[in-house]
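Asker: Just so you know, we're using my numbering here: the sequence shown kicks off at 1 and counts up by one. Can you keep this structure in mind? I'll have questions shortly.
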Amino acid sequence: MVFPDYRPRRLRKNEAFRSLIRETHISASQLVYPLFVLPGKNIREEIPSMPGVFRISVDQLAGEAKECLSLGVNSVILFGLPEQKDAMGSGAHAKSGIIQQAIKELKNKAPQLMVITDVCLCEYTDHGHCGCIIGNEVDNDATLEILAKTALSHAQAGADMVAPSDMMDGRVAEIRGILDENNFDSIPIMSYTVKYASAFYGPFRDAADCAPQFGDRRSYQMDPANSREALREATLDVDEGADILMVKPAMAYLDIIARLREEFDLPIAAYHVSGEYAMIKAAAANGWIDEEKAMAETLLSLRRAGADIIVTYFAKDMARLLRR
Ligand code: PBG
Numbered sequence: 001m002v003f004p005d006y007r008p009r010r011l012r013k014n015e016a017f018r019s020l021i022r023e024t025h026i027s028a029s030q031l032v033y034p035l036f037v038l039p040g041k042n043i044r045e046e047i048p049s050m051p052g053v054f055r056i057s058v059d060q061l062a063g064e065a066k067e068c069l070s071l072g073v074n075s076v077i078l079f080g081l082p083e084q085k086d087a088m089g090s091g092a093h094a095k096s097g098i099i100q101q102a103i104k105e106l107k108n109k110a111p112q113l114m115v116i117t118d119v120c121l122c123e124y125t126d127h128g129h130c131g132c133i134i135g136n137e138v139d140n141d142a143t144l145e146i147l148a149k150t151a152l153s154h155a156q157a158g159a160d161m162v163a164p165s166d167m168m169d170g171r172v173a174e175i176r177g178i179l180d181e182n183n184f185d186s187i188p189i190m191s192y193t194v195k196y197a198s199a200f201y202g203p204f205r206d207a208a209d210c211a212p213q214f215g216d217r218r219s220y221q222m223d224p225a226n227s228r229e230a231l232r233e234a235t236l237d238v239d240e241g242a243d244i245l246m247v248k249p250a251m252a253y254l255d256i257i258a259r260l261r262e263e264f265d266l267p268i269a270a271y272h273v274s275g276e277y278a279m280i281k282a283a284a285a286n287g288w289i290d291e292e293k294a295m296a297e298t299l300l301s302l303r304r305a306g307a308d309i310i311v312t313y314f315a316k317d318m319a320r321l322l323r324r
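This is how it looks when you write it as structure tokens:
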């Protein structure tokens with residue numbers, strides 16, 4: 001059937017028609033809100049390159065949790081700024097480290113909130129790399145043990161799910177192993193399966209104070225040019241026992257989200273990262289785009305590409321918009 005017999009505009013006439021045939025939806029329960037936690041008391045400092053996002057102290061977490069839950073955002077992912085950094089990132093698995101304290105506080109004050117933890121060393125190493133350095137390199141196998149210890153310490157503190165973001169080979173199996181050995185076989189792993197070496201992490205590295213002090217992350221994060229390699233990474237993670245596969249960043253990698261959606265049947269998450277958030281905020285602040293519409297359109301595009309779950313600094317704003 002072709003024009004003039006078929007007229008697609010018939011079904012775009014008004015909002016009732018449009019919503020009747022709408023193919024993709026977002027709900028607040030699919031959004032994960034990132035939180036940056038730092039030592040101290042009564043601290044709420046706005047991150048300059050991420051307007052509207054704050055680094056907060058542990059005592060501020062209960063308020064955040066309440067706000068998220070009241071908006072229907074049931075999940076948060078935690079990032080920590082430790083008191084001290086060292087070469088091995090030992091603050092990542094310290095018993096009373098910043099994240100371990102944050103998990104306990106949240107599970108205490110808001111037990112219904114799902115607490116996901118980012119498992120990585122870059123915020124805890126003095127050199128800012130995601131693993132320990134042996135010679136001049138980030139040593140893969142030596143890092144695995146530290147990551148596993150970190151994931152276990154999160155589970156012991158009460159985390160509901162762990163999310164390794166370091167991009168070391170074999171870390172999902174290593175983490176699955178240590179969790180199972182310690183009776184945490186019911187704690188799922190959301191793997192940052194396809195994490196590209198991206199310029200869009202810039203604002204996050206300010207927020208979490210984790211920029212590498214030498215070199216860059218291209219020897220462990222993926223080359224943005226590659227998509228077949230993404231399928232290989234995903235196959236490995238599935239075989240190693242991942243429960244959810246994440247793609248990061250999101251907007252420049254919609255094709256990767258769609259490919260993973262097609263090839264795998266595990267839930268897919270997309271991380272709408274700091275730089276993607278900052279771009280929308282900056283353009284909106286200049287009056288160049290409509291912030292709310294650009295946010296909604298962007299997050300919808302991730303769902304349309306095939307993401308089940310979206311990690312985003314816009315989680316609360318989007319949830320507020322969905323309420324209206
Ligand atoms: C830790 C980590 C990073 C992000 C999430 N986990 C930084 C990085 O890999 O450099 C980035 C998140 C964002 O930009 O919003 N490795």
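Glycine included, each C-beta is placed from N, C-alpha and C at the ideal position.
Have a look at the DSSP bridge pairing and note the partners of ILE116.
Answerer: Looking at the DSSP assignment, ILE116 forms a beta bridge with ILE77 and MET161.
Asker: Am I right that ILE116 and VAL73 are in contact with their C-beta atoms under 8 Å? What's the rounded C-beta distance?
Answerer: With 8 Å as the limit, ILE116 and VAL73 do not qualify as a contact, their Cβ atoms being about 12 Å apart.
Asker: With H, G and I counted as helix, E and B as strand and the rest as coil, what does DSSP make of MET325?
Answerer: Nothing can be reported for residue 325: it is not among the residues displayed for the chain, which extend from 1 to 324.
Asker: Using only CA atoms, which one of ASP169, ARG304 and ALA305 lies nearest to THR193?
Answerer: Selected option, being the one with the closest Cα: ASP169.
Asker: Less than 7 Å separating the beta-carbons of PHE36 and PHE3?
Answerer: No, the Cβ-Cβ distance between PHE36 and PHE3 is not below 7 Å.
Asker: From LEU144 to VAL138, what distance separates their C-alpha atoms?
Answerer: Cα to Cα, the separation comes out at about 11 Å.
Asker: Quick check on DSSP: helix, strand or coil for MET251?
Answerer: The answer is helix: DSSP assigns MET251 an H, G or I state.
Asker: Let me check you understand the geometry: is the CB of TYR201 closer than 6 Å to at least one non-hydrogen atom of the ligand PBG?
Answerer: Yes, the ligand PBG has a heavy atom inside 6 Å of this Cβ.
Asker: Could you check the C-alpha separation between ALA270 and THR24 for me, to the nearest Å?
Answerer: About 15 Å.
Asker: Using alpha carbons as the reference points, say which of ILE21, THR298 and ALA278 lies closest to MET251.
Answerer: Closest option to MET251, Cα to Cα, is THR298.
Asker: Which of the three DSSP states, helix, strand or coil, is assigned to PRO51?
Answerer: Strand at PRO51.
Asker: Could you check if ASP118 belongs to the surroundings of the ligand PBG, using beta carbon to heavy atom distance under 6 Å?
Answerer: Flag set: Cβ of ASP118 near the ligand PBG.
Asker: Helix, strand or coil: which one does DSSP assign to THR125?
Answerer: Here THR125 sits in strand by DSSP.
Asker: Which term fits GLY63, buried or exposed, when burial requires 16 or more other beta carbons within 10 angstroms of its beta carbon?
Answerer: GLY63 should be labelled exposed.
Asker: Below 6 Å, is the gap between the Cβ of SER70 and the nearest heavy atom of the ligand PBG?
Answerer: It does not: the Cβ of SER70 is nowhere closer than 6 Å to a heavy atom of the ligand PBG.
Asker: Check whether the segment 172-180 touches the segment 232-252, counting contact only when three or more Cβ pairs, one atom from each stretch, lie closer than 8 Å.
Answerer: As far as the Cβ criterion goes, the segment 172-180 touches the segment 232-252, which means the pair count is three or higher.
Asker: CB of PHE264 to nearest heavy atom of the ligand PBG: below 6 Å?
Answerer: Result no, Cβ not under 6 Å from the ligand PBG.
Asker: Rounded to whole angstroms, what's the CA-CA distance from LEU331 to SER70? Just pull it up for me.
Answerer: Nothing in the structure corresponds to residue 331, since the chain is present only between 1 and 324.
Asker: With three or more beta-carbon pairs closer than 8 Å as the criterion, would you say the segment 49-63 touches the segment 86-97?
Answerer: Because the criterion of three Cβ pairs below 8 Å is not met, the segment 49-63 and the segment 86-97 do not touch.
Asker: Could you spell out where the alpha helix (DSSP H) holding ALA294 opens and where it closes?
Answerer: First-last of the alpha helix (DSSP H) with ALA294: 291-305.
Asker: Assign LYS41 to one of two classes, buried (16 or more other C-beta atoms within 10 Å of its C-beta) or exposed (fewer than that).
Answerer: The residue is exposed, with fewer than 16 neighbouring Cβ atoms inside 10 Å.
Asker: Kindly list the residues whose CB is nearer than 6 Å to the CB of ARG303, restricted to its own chain and excluding five residues on each side of it in sequence; keep chain order.
Answerer: Hits under 6 Å: THR24 and ILE26.
Asker: Starting from THR235, trace the alpha helix (DSSP H) in both directions and tell me its first and last residue.
Answerer: From DSSP, the alpha helix (DSSP H) with THR235 extends over 228-240.
Asker: Classify ASP317 as helix, strand or coil using the three-state DSSP reduction.
Answerer: Note: ASP317 maps to helix in three-state DSSP.
Asker: Nearest CA to the CA of SER219: which residue from GLU276, TYR277 and ASN140?
Answerer: Among GLU276, TYR277 and ASN140, the Cα nearest to that of SER219 belongs to ASN140.
Asker: Spatial neighbours of PHE214 within its chain, please: C-beta separation below 8 Å, excluding the five flanking residues on both sides.
Answerer: Hits under 8 Å: HIS127.
Asker: DSSP three-state label for SER137, please.
Answerer: Checking the sequence shown, residue 137 turns out to be Glu, not Ser. It is a strand residue.
Asker: Go ahead and pull the three-state DSSP assignment for PRO203.
Answerer: PRO203 falls in the helix class under three-state DSSP.
Asker: Once the 5 residues before and after MET222 are set aside, which same chain residues still bring their CB inside 8 Å of it?
Answerer: Within the same chain, MET222 has close Cβ partners MET167, VAL194, LYS195, TYR196, ALA197, GLU229, ALA230 and GLU233.
Asker: Using C-beta distances below 7 Å, list every residue in its chain close to VAL58, excluding the 5 sequence neighbours before and after it, in chain order.
Answerer: So the list reads VAL37, GLN101, ALA102 and GLU105, once near-sequence residues are dropped.
Asker: Would you tell me roughly how many angstroms separate the C-alpha atoms of PRO325 and LYS107, rounded to the nearest one?
Answerer: This structure cannot speak to residue 325, because the chain is shown only from 1 to 324.
Asker: Does the beta-carbon of CYS130, which I'm using as the reference point, lie nearer than 6 Å to any heavy atom of the ligand PBG?
Answerer: Checking every heavy atom of the ligand PBG against the Cβ of CYS130, one is found closer than 6 Å.
Asker: Closest by CA to ALA87, which one among GLY135, SER19 and GLY306?
Answerer: Measuring from the Cα of ALA87, the nearest candidate turns out to be GLY135.
Asker: Can you tell me which of the three DSSP states LEU38 falls into?
Answerer: LEU38: strand per DSSP, three-state reduction.
Asker: Does DSSP put ASP185 in a helix, in a strand, or in coil?
Answerer: ASP185 falls in the coil class under three-state DSSP.
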